[in-house]
Every structure is written in C-alpha cells, then in structure tokens.
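Visitor: Quick one: the structure is below, questions incoming.
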Amino acid sequence: MSSPPPSFRPLLAAGTTAVLSLGLLGWAVATGALGPDVGRGANFCEAARDGLVLQPANSWSNLGFVVAGLAVAWRARRPEARGEGLLRGTGLVSAYACVVVLLGPASAAMHATQSAWGGHLDLLSMYLVASFAAAYALTRHRGAGAATFAALFGLLLVGCELVGALPVDVPLVHVPGNLAFGALLVLALTLELRMVREGRIAADGRYAVAAGATMAVAFGIWVATNAGMCAPTSLLQGHAAWHLLGAVAAYLLFRYYASERRPAREAAGPTGRLRPAPAPAPR
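Going by my numbering, the first residue of the sequence shown is number 11, and it counts up by one from there.
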C-alpha cells in the first residue's frame with residue numbers, strides 16, 4: 011500500500027503567516043504605527059540605537075522563531091511526520107506552526123520600537139504558544155478531542171490576558187504576564203511527561219525533556235541579562251540568545267508531539283489490565 015501524499019497546507023499557512031506578519035512589522039516600524047518609544051523592553055539590556063530598529067540584536071534574533079515555525083510546517087508535510095495524536099490532521103499542526111512563526115514578528119515589534127503596542131504584541135504571542143501547549147496537554151490528558159482543545163485554548167488565552175493586566179510587580183519575572191506564560195509551559199511539560207511515564211501515550215519523552223531543558227537554560231540567560239550581566243552596546247545579547255533557544259525549544263516540542271504514534275492502549279490481557287504500548291524508537 012502506497013503512503014499518503016504529502017500535504018503542503020501547513021507550509022502554506024505558516025509561509026503566509028510569515029510573509030504577512032513580517033510585512034506588517036516592516037510597515038509599522040517604518041511608519042511608527044505602533045506608537046512612540048516608551049522604553050518598553052529597554053530592561054533587556056540592549057541600548058537603543060539610532061535608526062528604525064532600536065534594538066537590532068534583540069529584534070533580528072526573533073527570526074529564529076520564523077525559521078522554527080517554517081521548519082515545523084516543512085516537516086509536517088509528510089503524514090508520518092505528524093504522528094498519530096491530535097496533530098495527525100493538518101489543522102492543528104498548521105495552527106502550531108503559525109503560532110511559532112508569530113512569536114518572531116510580535117517580539118520584534120517590541121524590541122524594534124520599544125512601544126507600548128509592541129509590548130502588548132510580544133506578550134500576546136507568548137500567551138498564544140503557552141496556551142496552545144497547555145491546552146494540548148490538558149486535552150490529551152482528558153482523552154478529549156479538537157473541540158475541547160479549542161475551548162481550553164480560548165479560555166487559557168483569555169486567562170493570560172486577565173492575569174497580564176494585573177498592576178502588580180512579580181519577583182524575578184517582573185510582570186504577571188511573564189508568570190502566566192511560564193506557569194502554562196511548566197504545566198504542559200509536567201502533564202506530557204506524566205502521561206508518557208504512566209504509559210497513557212506512546213511518545214518519545216526525550217524530546218519533551220530536551221525542550222524543557224532548553225527553556226530552562228534560556229530562562230537562566232534571561233534572568234542573568236535582567237540582573238545586569240550584559241554589555242548594552244554589544245551585538246552579542248543574552249536576550250537574543252533567549253529568543254534563539256526559545257525557537258529551538260518550540261521545534262523540539264513539535265518533535266515530541268509528532269513522535270506520538272498511537273494511543274497507549276492495547277487489548278486487555280488475561281488479567282483484565284491494560285498494557286501500555288511501547289515507546290516509539292527515536293526518529
């Protein structure tokens with residue numbers, strides 16, 4: 011039996027998202043449509059330069075997310091590379107690829123302009139990817155389907171916006187929106203690894219561990235940069251490394267999702283117990 015033909019829908023969606031969002035970003039930076047420089051993002055070390063792009067290293071490093079999203083979409087063109095979980099169709103995998111792509115232009119909007127609207131877009135993109143990861147984990151933990159995922163995704167996104175609007179200062183991460191972002195990612199990875207450990211899904215948990223470890227290193231760099239361990243006029247910025255490592259983590263998370271081959275259920279044996287399916291070999 012021949013394998014199903016490749017689908018370029020994820021790549022078309024992610025590519026269109028990249029072209030439109032980068033084009034809108036270029037227009038907004040050139041015209042000042044995002045508003046005046048209010049110093050948003052100035053706490054991430056890099057000193058503002060003269061010119062349209064105020065923080066070049068912290069801005070251009072966000073292209074890593076665009077590349078990661080396109081890499082997800084390119085790999086997902088093959089049905090066998092999407093796994094056998096909820097991402098087996100092209101709809102959710104296209105959505106994930108687009109969300110990863112959007113992280114780039116949205117974050118660059120803040121670093122390039124230091125505007126209030128740029129800061130809002132930066133946080134919104136973070137909420138999108140964290141809400142996706144948490145909703146996806148919760149959906150599969152409950153054994154539910156795409157409709158439940160959509161509802162959870164919407165609720166978590168609204169929740170992030172509400173938390174982010176609180177006028178409080180949070181130790182270490184400064185704004186409550188950053189805390190919501192981190193909490194949802196920790197929840198997602200915790201649930202994913204728990205499901206693998208309990209045999210509820212058959213997926214290669216090493217990709218999830220690698221994604222979490224990459225984000226942990228990135229967060230350490232983020233904290234160090236905020237603490238002043240940086241050179242403001244250098245093009246080698248720790249916050250730029252945070253962006254690039256975040257892009258790597260987003261791609262590794264997709265590889266974990268795509269390693270799911272089938273539900274971790276087998277017919278009950280003589281004892282009546284369900285036996286977990288073996289984890290798939292690394293690809």
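Where a beta carbon is used, it is the ideal one built from N, C-alpha and C, also for glycine. As the structure is a prediction and not an experimental result, all values here were calculated from the model.
Which parts of the region 106-130 are runs of the alpha helix (DSSP H), unbroken and 4 residues or longer, counting only runs that do not cross its ends?
Guide: List check, alpha helix (DSSP H) in window: nothing returned.
Visitor: Is the beta carbon of Tyr217 sitting closer than 7 angstroms to the one on Arg150?
Guide: For the purposes of this step, residue 217 is identified with residue 207 of the sequence shown, where counting begins at 1. For the purposes of this step, residue 150 is identified with residue 140 of the sequence shown, where counting begins at 1. Going by C-beta atoms, Tyr217 is not nearer than 7 angstroms to Arg150.
Visitor: In whole angstroms, give me the CA-to-CA distance for Ala160 and Leu254.
Guide: In the sequence shown, counting from the first residue as 1, residue 160 sits at position 150. In the sequence shown, counting from the first residue as 1, residue 254 sits at position 244. Each residue's Cα considered, the two are about 28 angstroms apart.
Visitor: Here's a check: name, in chain order, each residue in its chain whose Cβ is nearer than 6 angstroms to the Cβ of Leu166, leaving out the five neighbours to either side.
Guide: Numbered from its first residue, the sequence shown carries residue 166 at position 156. Ser141, Ala144, Ala145, listed in sequence order.
Visitor: What's the C-alpha gap between Leu263 and Ala221?
Guide: In the sequence shown, counting from the first residue as 1, residue 263 sits at position 253. In the sequence shown, counting from the first residue as 1, residue 221 sits at position 211. So the two alpha carbons sit approximately 6 angstroms from each other.
Visitor: How would you call Leu21, buried or exposed, if buried means at least 16 neighbouring beta carbons within 10 angstroms?
Guide: Your numbering for residue 21 matches position 11 in the sequence shown. Buried: at least 16 other Cβ atoms inside 10 Å.
Visitor: Throw me the rounded Cβ distance for the Met225 and Phe191 pair, which I believe falls under 8 angstroms.
Guide: Here residue 225 is taken as the residue at index 215 of the sequence shown, counted from 1. Here residue 191 is taken as the residue at index 181 of the sequence shown, counted from 1. The pair is not a contact, with the Cβ atoms about 11 angstroms apart (cut-off 8 angstroms).
Visitor: His184 bridges to which residues according to DSSP?
Guide: Reading the sequence shown from its first residue, position 174 is the one you call residue 184. In DSSP, His184 forms a bridge with Val180.
Visitor: For Val178, count neighbouring C-beta atoms within 10 Å of its own C-beta (all shown protein chains included) and say buried if the count is 16 or more, exposed if not.
Guide: Here residue 178 corresponds to residue number 168 of the sequence shown, with the count starting at 1. With fewer than 16 Cβ atoms within 10 Å of its Cβ, Val178 is classed as exposed.
Visitor: Is the separation between the beta-carbon of Val109 and that of Ala24 shorter than 7 angstroms?
Guide: On the sequence shown, position 99 is the one that residue 109 refers to. On the sequence shown, position 14 is the one that residue 24 refers to. Cβ atoms of Val109 and Ala24: not closer than 7 angstroms.
Visitor: In the DSSP assignment, the alpha helix (DSSP H) including Thr27 goes from what residue to what residue?
Guide: Taking the first residue of the sequence shown as 1, we reach residue 27 at position 17. Segment 19-41, the alpha helix (DSSP H) holding Thr27.
Visitor: For Asp132, I'd like the list of residues in its chain whose CB is within less than 6 angstroms of its CB, leaving aside the five on either flank, ordered along the chain.
Guide: On the sequence shown, residue 132 is found 122 positions in, with the first residue counted as 1. Here the set comprises Ala116, Ser117, Met120.
Visitor: Please list, in chain order, all residues of the same chain as Val48 whose beta carbon is under 7 angstroms from its beta carbon, the five residues on each side excluded.
Guide: Counting from one through the sequence shown, the residue named residue 48 turns up at place 38. These residues qualify, in order along the chain: Gln124, Ser125, Ala126.
Visitor: So Val77 is in the alpha helix (DSSP H); what residue range does that whole segment cover?
Guide: The residue you call residue 77 lines up with position 67 of the sequence shown. 73-85 is the span of the alpha helix (DSSP H), which, as asked, contains Val77.
Visitor: Buried or exposed: Arg152, going by 16 or more other Cβ atoms within 10 Å of its Cβ?
Guide: As a working mapping, residue 152 is identified with position 142 in the sequence shown. Label assigned to Arg152: exposed.
Visitor: For the region 54-69 against the region 78-86, are there 3 or more C-beta pairs whose distance is under 8 angstroms?
Guide: Cβ pair count under 8 angstroms is below three, so no.
Visitor: How far does the alpha helix (DSSP H) with Asn53 in it extend, from its first residue to its last?
Guide: Looking up residue 53 in the sequence shown gives position 43. It is not in any alpha helix (DSSP H) - Asn53 carries neither H nor E in the DSSP assignment.
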